[in-house]
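What follows is one structure encoded as structure tokens, with my remarks underneath.
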Amino acid sequence: MLLTIFDLMRITFAFSAILLASGCSAVVPSQTPAPTETPAPMPAPTPAPTPAPAPVSQPSGNWTDWPLAQGNWVYRKDERGSIALFGAPNAKAAFMIRCDQGRNQLFLSREGVVANSGAQMTLRASSGLQSYPARNSGGALNYAAIALPVTDYMMDRIAFSRGRFAVQTTGLASLAIPIWPEFTRVVEDCRN
């Protein structure tokens, strides 16, 4: 028997179809598999607790014996009123007092950020002390600030303090700052 090319092609096609069908067939199990349990969801990871801020080193003894903060006072006027800044030359001010004539207020700011809403800024002078609620000034500057009416008597106490006054703010190092005329000049600008 002699096979033609067409016969060979038909045989090859039939054989390929059988092989292809047998390779694709799936084995049907005789039983339905047991339902699998869905694993319980993993609990969300607990974030690591935020470490408490390191305690700030405070000067010891009477505030009148603390070393004076290093720096100078600089006074200037601007569109809001006047400002006096205290600190080292070519550095961020450690302390400032601003007269905002539009608001008829004085703003005293100390470099640093307070950590909680109950923070206080205490001002000390030779003739007394006064505490005020402090808040962060916000923006790009990192300062704790207080706002006072221009008539606040503590400004007079500081102006007449014996060579220095102190600024103590919750969570920040305390400062003993020399009292120079620039401070008083800002207060007087706001009162006139």
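All residue numbers for the sequence shown refer to our numbering, where the first residue is 1270 and numbers rise by one.
Every residue, glycine too, gets a C-beta built ideally from N, C-alpha and C.
Predicted model, so just to flag it, every value in this text is computed and none were measured.
- Within a 10 Å sphere around the beta-carbon of residue 1420 sit fewer than 16 other beta-carbons, which makes this residue exposed.
- When DSSP states are grouped into helix, strand and coil, residue 1418 belongs to the strand group.
- Contact check for residue 1379 and residue 1438: beta-carbon distance about 5 Å, within the 8 Å limit, so the pair qualifies.
- Here the alpha carbons of residue 1450 and residue 1371 stand approximately 23 Å from one another.
- Residue range 1450 to 1460 is occupied by the alpha helix (DSSP H) that includes residue 1456.
- The three-state secondary structure of residue 1438, taken from DSSP, is strand.
- If you draw a 10 Å sphere on the C-beta of residue 1431, you find fewer than 16 other C-beta atoms in it, and that means exposed.
- Within the segment 1349 to 1437, the complete alpha helix (DSSP H) segments at least 4 residues long are 1423 to 1428, listed from N- to C-terminus.
- In the structure shown, residue 1335 adopts coil according to DSSP, grouped into three states.
- Counting only residues of its own chain and dropping the five nearest sequence neighbours on each side, residue 1406 has a CB closer than 7 Å to the CB of 1378, 1412, 1414.
- Residue 1382 and residue 1461 have their C-alpha atoms roughly 32 Å apart.
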